[in-house]
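Heads up: the structure comes next, in structure tokens.
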Amino acid sequence: MPSDNLFGVHGTALAVRSQRMGMLASNIANASTPGYKAKDVDFRAALNSATSAGGSIDTAIDSNTLYRVPLQPSADGNTVELTTEQTAFAENAVAYQTTLSFLNGRIGQITRALKGE
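Printed below as a string of structure tokens:
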């Protein structure tokens, strides 16, 4: 893909982080749903799968989604531990923003080069 040369792995990383953020948000939203099983994505493994020859982001996410094992299981079968999910969400949000800032900077460089600045 031509954009791979411009953005490297960062475009794929942004997409994987976005998918992970949705999954973590779902965990937080279902913190009190009986029987809900918290899930997370192994980011590094998903990114490696997505960047391998012919790998798709959806396949990489699906194959690297894991169920979280709670430290203190709930009586109703829910495995969401709110503090764990909130911490993971915050860390992922910071990494997402960092990747987005890098991409915005790269786009700015390309724009300036095209304008001849």
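Quick note, the sequence shown lines up with residues 247 to 363 if you use my numbering. No residue lacks a Cβ here, since even glycine has one placed at the ideal position from N, Cα and C. Given the structure is predicted, the values throughout are model-derived calculations rather than measurements.
Spatial neighbours of residue i in its chain, beta-carbon cut-off 6 Å, leaving aside the 5 residues before and after
i, result
"P248", "Bear in mind that a pLDDT of 44 at P248, under 50, signals an unreliable position, so the number given afterwards is only what the model happens to contain. For P248, where only same-chain residues beyond five positions count, there are no Cβ hits under 6 Å."
"A306", "A292, S295, A296"
CB contact flag (residue i, residue j, <8 Å)
i, j, result
"N294", "E331", "no"
"L260", "L346", "yes"
"F253", "L349", "yes"
"M267", "A339", "yes"
"Q265", "I303", "yes"
Sheet register partners of residue i (DSSP bridge)
i, result
"K285", "Y313"
Buried versus exposed call for residue i [16 or more other C-beta atoms within 10 Å across all chains shown]
i, result
"L328", "exposed"
"Q343", "exposed"
"T258", "buried"
Cutoff 7 Å; reference residue i; Cβ partners in own chain excluding five residues on either side
i, result
"S309", "S295"
"D322", "P280, G281"
"A334", "L270, D286"
"K283", "Y313, T325"
"A341", "R263"
8 Å contact criterion, which residue i and residue j should meet: CB distance rounded
i, j, result
"D210", "R263", "Past the boundaries of the shown model lies residue 210; the chain is included only from 247 to 363, so the question cannot be answered."
Residues of its chain near residue i, where Cβ-Cβ distance is below 8 Å and the 5 sequence neighbours each way are ignored
i, result
"V255", "L293, T297"
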